[in-house]
Each structure stands twice: as structure tokens, then as C-alpha cells.
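What follows is a single structure, written as C-alpha cells, with notes after it.
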Amino acid sequence: MAGQMIRTKKLIEFIQDLKGQHDQLYQDYIKQGEDASRLEKILLLREVIAKMETDFNIIDLEEMMGMKFVSENHRKLFVEMKIKVLNDYNYQNTEYDTALYVLSFLQANGKVVDTYLGTQKIDFEGIRENTGMSTGEGALLDLANVCFNGYSADIHDTLGSLYGEFRQVAFEALMKKY
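So the sequence shown is numbered by this note's numbering: it starts at 505 and just counts up by one.
Below, the structure is given as C-alpha cells:
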């Protein structure tokens, strides 16, 4: 047990060192302007850090976010999307967290939504127009948009067509948001 704690501590220290390297690369990138190879290294390092933390369960996302993920793939896609949109998956932002939670579920269920995500941007209209969603998927997309943009929605229209995991995802998102 003590040996495992020492290895875990060393792993955490290693990951913290990687984060420091990432931050330095990112600051250098900002100061020096565009360099595609440098940005590629930054993004790769960020992916390595996220994968290590997820694989070794350094951060319990469910505890941190206060949401239960439907599957490991849902959890993984959430982390990837959060990194893509916010450049930092530890950053807490209820609007982004709830929207990305729902969108990562849709992606885990075969809808390609990550191409409509940008740095601090989500193109809900592009997702709706180009992904061919079922009624339930469309209702979840509406819910993500409501949580993100603060729009109002009819509860019957939004939740009435949701069953099983779809309803679970909707309730988790609503609990996180409100």
C-alpha cells in the first residue's frame, strides 16, 4: 500500500511537471506568434496529460463535475471536448460543462458534433443542420443549447421524447446547471 502511494505521488508529480512544460510551451507560442509545429506539440502534450490523468484516474471527473457519465467513452469524449473548447479541462464553467456533457453523449452515440466546436464556441445550428438527429437527439441538443445560452424551453417538448440514457443525461445536465 505504501509503495502504491509513493508511485501515485511520483506519477502526480510527473504529470504536474508535464503541465508546467505545457504551460511554458503555450506561453512561448503566444509570445512568438504562430508556429504550426509548436502548436502541434502543445496539443499533443495536452492530450498526453489528459490521457494520463484519465487512465490513472488522477482526477475523478464524476466527483469534480458532479455528473455521472453514461460510459467510459462518454467521459473520455467530454474531456477531449472540454480541452478543445476551453483549452483546460479543469476549468469550471457551468454553461460549457453542461453543454459539453450533453454533446459528448451525442458524440458517444455516433453523432459527429466535435467538428462544430471551436475555442470558446459551440455551433449548435451547424450541429442541427448537418448531423441528422432523431427526435430524442434533437431534444438533447436543444437542452444543451438552453443550458449554454440561457434560452427558455418548454419542458414537455424537451423532456417528453427522452427515455433511458437520454433522459438520464438530460437530468444530469439540468442538475449541474441548476
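We put the beta carbon where it would ideally sit given N, CA and C, even for glycine.
Predicted model, so just to flag it, every value in this text is computed and none were measured.
Span of the alpha helix (DSSP H) around residue i
| i | result |
| --- | --- |
| Gly570 | Neither: Gly570 is in no alpha helix (DSSP H) and is coded neither H nor E. |
| Gly640 | Thr639 to Asn653 |
| Gly668 | Gly668 to Lys681 |
| Thr662 | Ile659 to Leu663 |
| Thr602 | Thr598 to Ala612 |
Proximity below 8 Å, CB of residue i to CB of residue j
| i | j | result |
| --- | --- | --- |
| Leu647 | Ala677 | yes |
| Asp601 | Lys545 | no |
| Lys615 | Thr639 | no |
| Ala674 | Leu666 | yes |
| Gln672 | Val574 | yes |
| Met556 | Ile519 | yes |
| Leu549 | Gln525 | yes |
| Phe652 | Glu576 | no |
| Ser608 | Leu581 | yes |
Whole-number beta carbon distance between residue j and residue i, since they are thought to touch under 8 Å
| i | j | result |
| --- | --- | --- |
| Met585 | Leu604 | 5 Å |
| Leu645 | Phe670 | Incorrect: roughly 11 Å between the Cβ atoms, too far for contact. |
| Asp618 | Lys588 | 7 Å |
Beta bridge counterpart(s) of residue i as assigned by DSSP
| i | result |
| --- | --- |
| Lys625 | Gly622 |
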